[in-house]
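Asker: In the numbering used here, the protein residues as written are 1188 to 1342.
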């Protein structure tokens, strides 16, 4: 499980760094602000990126979830941050958020939830963002709910 915790932490750290890059004016994967909004936010009514402080807050929260994944992966050997039960609760809660985000993305794509989205966000959300959220959520749930004996043998 240690490897799963590391993998989750690496993925979320990269995502947090991308958010920090956007906070300081980065435009990738777009070429201007509007194309960036269309690719990563999908809000047809938005013409400006969120303020720097808010984007940095999101980057920090994503970084905190990376730390939860890393710690939950190491908790079975008492090398995580805090007691194992707290790591498991944290991983379970974060997993719930990621799975809920994934389900919402799939429901929007299937037309069950009416939420206008721009392209390429709608396509990227269906192909990449929602499946990644689902995988991260299931990974966090694996860290949270796997019995201690299996956690010790597999990591």
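The beta carbon of each residue, even a glycine, is placed where N, CA and C say it ideally should be.
Mark residue 1226 as exposed unless 16 or more other C-beta atoms lie within 10 angstroms of its C-beta, in which case mark it buried.
Answerer: Residue 1226 is buried by the Cβ-count criterion.
Asker: Residue 1189 and residue 1260 look like a contact to me (Cβ under 8 angstroms); what is the Cβ gap, rounded to whole Å?
Answerer: Correct: roughly 5 angstroms between the Cβ atoms.
Asker: Which ranges would you report for the alpha helix (DSSP H) in the stretch 1218-1256 if only whole runs of at least 4 residues count?
Answerer: Counting only runs of 4 or more, we get 1220-1227.
Asker: Report the CB separation of residue 1236 from residue 1209 in whole angstroms; it is logged as a contact under 8 angstroms.
Answerer: Between residue 1209 and residue 1236 the Cβ distance is about 7 angstroms, and since that is below 8 angstroms, they are a contact.
Asker: Just the Cα atoms here: how many angstroms apart are residue 1321 and residue 1296?
Answerer: Their backbone Cα atoms lie some 15 angstroms apart in a straight line.
Asker: Any C-beta of chain C sitting closer than 7 angstroms to the C-beta of residue 1214?
Answerer: No chain C appears in this structure, which consists of one protein chain only.
Asker: In the structure shown, what three-state DSSP assignment does residue 1300 receive?
Answerer: Residue 1300: coil per DSSP, three-state reduction.
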